[in-house]
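Heads up: the sequence shown begins at 374 in this note's numbering, then just goes up one per residue. Even for Gly, the Cβ is constructed at its ideal location relative to N, Cα and C. The block underneath contains the structure these notes are about, expressed in structure tokens.
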Amino acid sequence: MKPCEQVLLYAQGELNPAEKTAFEGHLKTCAACQAELKFLAKLDEGLTPPAAPQRVIDKLLARTTRKKPFWARFKWELAGLTAAACAAFVWTFLPSQEPFNAHELVAYMNASSDDEYSSFAQELNDMEDYF
Ligand SMILES: [Zn+2]
Numbered sequence: 374m375k376p377c378e379q380v381l382l383y384a385q386g387e388l389n390p391a392e393k394t395a396f397e398g399h400l401k402t403c404a405a406c407q408a409e410l411k412f413l414a415k416l417d418e419g420l421t422p423p424a425a426p427q428r429v430i431d432k433l434l435a436r437t438t439r440k441k442p443f444w445a446r447f448k449w450e451l452a453g454l455t456a457a458a459c460a461a462f463v464w465t466f467l468p469s470q471e472p473f474n475a476h477e478l479v480a481y482m483n484a485s486s487d488d489e490y491s492s493f494a495q496e497l498n499d500m501e502d503y504f
């Protein structure tokens, strides 16, 4: 294998120590391999997303760990209040709604079963007439 054909293997760290030393010797004198290696390194950079600059990371951390808003101190009180409000809501609206819904449901069921029954009865009559 010609030294120049080993540039990819070298870049990927797949040469054994002896080959690596030999190639590094070649690399010093071969502009083509130097350029190729530079290109491969650039390609690698393009594939791995660059880490955010430390300045940006610091800013983000400062934002997420900055002083809590005032209501955060009353988190549990708020949670309790919310639960109470939900309970009150359910207590106020469910009892009045459920009987109504049940009535409507029963009425609907009655109406449709009546319809079904009468159509069934009608079919029976038709059959009796037929025979
Ligand atoms: Zn070369």
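CA-to-CA distance, residue j to residue i, given in whole angstroms
i, j, result
"Phe504", "Ala494", "15 Å"
"Asn389", "Glu397", "12 Å"
"Ala484", "Asn498", "21 Å"
"Ala452", "Leu416", "52 Å"
"Ala458", "Glu477", "28 Å"
"Pro426", "Gln407", "29 Å"
"Phe462", "Asp431", "44 Å"
"Leu400", "Leu420", "24 Å"
"Ala460", "Trp449", "16 Å"
"Arg436", "Thr465", "41 Å"
Rounded distance between the beta-carbons of residue j and residue i, thought under 8 Å
i, j, result
"Val380", "Glu418", "Incorrect: roughly 17 Å between the Cβ atoms, too far for contact."
"Cys377", "Ala414", "Their Cβ separation, rounded to whole angstroms, is 17 Å, which puts Cys377 and Ala414 out of contact at 8 Å."
Pair within 8 Å by beta-carbon distance, residue i and residue j
i, j, result
"Tyr383", "Lys393", "yes"
Tell me which residues pass a beta-carbon proximity test against ligand 1: closer than 6 Å to any heavy atom, given in chain order. The set, ordered by position in the chain, is Pro376, Cys377, His399, Cys403, Ala405, Cys406.
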